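Undergrad: What follows is a structure written as structure tokens; I'll ask about it next.
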Amino acid sequence: MKWMKGMFLLLAANILIMVTLSLTVPLLINFVLPMFGIDLQGSVDLSSLVWALALGFGGAFISLAFSKQMARAMLDCRQITQPRSQAEQVIYGSVQEIAQRLHITMPEVWVYESPDPNAFATGPSKNNSMVAVSTGLLSNLQEQEVRAVLAHEMGHVYNGDMFATTVLAG
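According to the numbering used here, the sequence shown is numbered sequentially starting from 531.
In structure tokens, the structure reads:
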């Protein structure tokens, strides 16, 4: 239900933006700018503006739908399904425990090579997401700190922040 409300608000906001621009751009071009000696009449096609808005809106959703695949490809991530080390056990176990507490599907857990301490969550929904951590994070933080970072990332998953970010980007 929360997802439906978010989708409705997203669509309503984008429609409102399109209508507002469809009304204000012609006013600006036909009345305001000519008062300052700027003549853009006939040079701006309103249908191009509508197409640009629609493609921007749609592009944000395409980006969200493929966010997991893009992140894995760009960072050359390695998925953890069977932990092989203590660090992997901490990551996998923490994500699993938090997902159970939050009553959500466990996100995919990935590790990628980078000296920079970093972690992120991505995916189209809280039940279709991934959490990734860098090797730099694992080597620079203590176990409790890693767990805290993972709890933070799982908060993003649980709250649907990936969708909210798409709303803002779109």
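A virtual CB, placed ideally from N, CA and C, is assigned to each residue, including glycine.
In this text the structure is predicted, and so the values were computed from the model without any measurement.
When the distance is taken between beta carbons, is residue 617 closer than 9 Å to residue 684?
TA: Going by C-beta atoms, residue 684 is not nearer than 9 Å to residue 617.
Undergrad: Excluding the five sequence neighbours on either side, which residues of its own chain have a C-beta within less than 7 Å of the C-beta of residue 657, listed in chain order?
TA: The answer, listed in chain order, is 634 and 635.
Undergrad: On the DSSP bridge assignment, give the partners of residue 609 in chain order.
TA: Note: residue 609 sits in a beta bridge opposite 640.
Undergrad: Any beta carbon from chain B within less than 9 Å of residue 646's own beta carbon?
TA: Judged by its chain identifiers, the structure shown contains no chain B, having just a single protein chain.
Undergrad: May I have the straight-line CA-CA distance separating residue 593 from residue 579, to the nearest angstrom?
TA: Their backbone Cα atoms lie some 21 Å apart in a straight line.
Undergrad: Quick check: what's the CA-CA separation for residue 676 versus residue 534?
TA: Using only the alpha carbons, I get a separation of about 33 Å.
Undergrad: Applying the criterion that 16 or more other CB atoms from any shown protein chain within 10 Å of the CB defines a buried residue, is residue 637 buried or exposed?
TA: Under this definition residue 637 is a buried residue.
Undergrad: Could you give the first and the last residue of the continuous alpha helix (DSSP H) run that contains residue 670?
TA: Unbroken alpha helix (DSSP H) run through residue 670: 665-670.
Undergrad: What does residue 624 pair with, by DSSP beta-bridge criteria?
TA: Residue 624 pairs with nothing; no bridge assigned.
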